[in-house]
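With the first letter of the sequence shown counted as 1, position 104 gets the number 111 in the numbering used here; the numbers rise by one all the way through. Working notes for the structure below.
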Amino acid sequence: MSTVCELDYRGLPPEIHCPVCGSEITGTLDIPCEHLLFSYVYEVGEFSQVPERINNEYGDKIDELEHSEIEDPPEKLVNTIDKDSVLCLTVTTTGISCGPVSSTYSVAFDFDPPEK
Ligand SMILES: [Zn+2]
Numbered sequence: 008m009s010t011v012c013e014l015d016y017r018g019l020p021p022e023i024h025c026p027v028c029g030s031e032i033t034g035t036l037d038i039p040c041e042h043l044l045f046s047y048v049y050e051v052g053e054f055s056q057v058p059e060r061i062n063n064e065y066g067d068k069i070d071e072l073e074h075s076e077i078e079d080p081p082e083k084l085v086n087t088i089d090k091d092s093v094l095c096l097t098v099t100t101t102g103i104s105c106g107p108v109s110s111t112y113s114v115a116f117d118f119d120p121p122e123k
């Protein structure tokens with residue numbers, strides 16, 4: 008079973024690095040390492056940084072999740088992938104700009120990616 012972990016931060020969104028190899032995940036649209044499964048920004052409602060192997064296997068599911076009103080699409084996707092080695096971090100940041108602002112994004116990792 009995949010694990011979902013929700014984290015709350017105050018202030019600017021933290022940089023996320025891969026917990027396996029340390030590659031920087033946020034601040035790029037590339038797929039920096041083999042452990043990353045996807046990222047997802049709730050305000051945008053789209054999965055990004057999806058590697059080809061995930062797109063090939065779960066593309067239909069991703070499409071379905073992006074076009075439904077379902078809650079927590081990243082959680083639904085990692086539950087579909089359903090591997091013990093998968094961790095999804097959902098980070099919510101809150102702060103004050105011109106009033107209170109909040110943003111949420113998810114990144115998912117596979118600690119045991121398939122051999123190439
Ligand atoms: Zn990595």
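Even for Gly, the Cβ is constructed at its ideal location relative to N, Cα and C. Bear in mind that the values here come from a model prediction, so they are computed numbers and not experimental data.
Exercise. From which residue to which residue does the alpha helix (DSSP H) around L84 run?
Worked result: If you number the sequence shown from 1, residue 84 lands on position 77. Element bounds for L84: P80 to I88.
For this session: Note the first and the last residue of the continuous alpha helix (DSSP H) segment covering I69.
Result: Translated into the one-based positions of the sequence shown, residue 69 becomes position 62. Where I69 is concerned, the enclosing alpha helix (DSSP H) stretches over E59 to E73.
For this session: Identify whether P107 lies in helix, strand or coil by the three-state DSSP scheme.
Result: The count along the sequence shown starts at 1 and reaches residue 107 at position 100. Looking at P107 - three-state DSSP - the assignment turns out to be strand.
Exercise. Just to confirm, does C95 get its C-beta within under 7 Å of one of the non-hydrogen atoms of ligand 1?
Worked result: Taking the sequence shown and counting its residues from 1, one reaches residue 95 at position 88. No, ligand 1 has no heavy atom inside 7 Å of this Cβ.
Problem set entry | L36, buried or exposed, once every other Cβ within 10 Å from all chains shown has been counted against 16 | Stepping through the sequence shown from its first residue, residue 36 is reached at position 29. Classification of L36: exposed, given that the 10 Å Cβ count is below 16.
Problem set entry | Buried or exposed by the 16-neighbour rule on C-beta atoms within 10 Å, applied to T97 | What you label residue 97 is simply residue 90 of the sequence shown in a count that begins at 1. Answer is buried; the Cβ neighbour count reaches 16.
Problem set entry | First and last residue of the uninterrupted beta strand (DSSP E) at F54 | Taking the sequence shown and counting its residues from 1, the one referred to as residue 54 is at position 47. From DSSP, the beta strand (DSSP E) with F54 extends over E53 to S55.
Problem set entry | Per-residue DSSP class, three states only, for D37 | The count along the sequence shown starts at 1 and reaches residue 37 at position 30. Coil.
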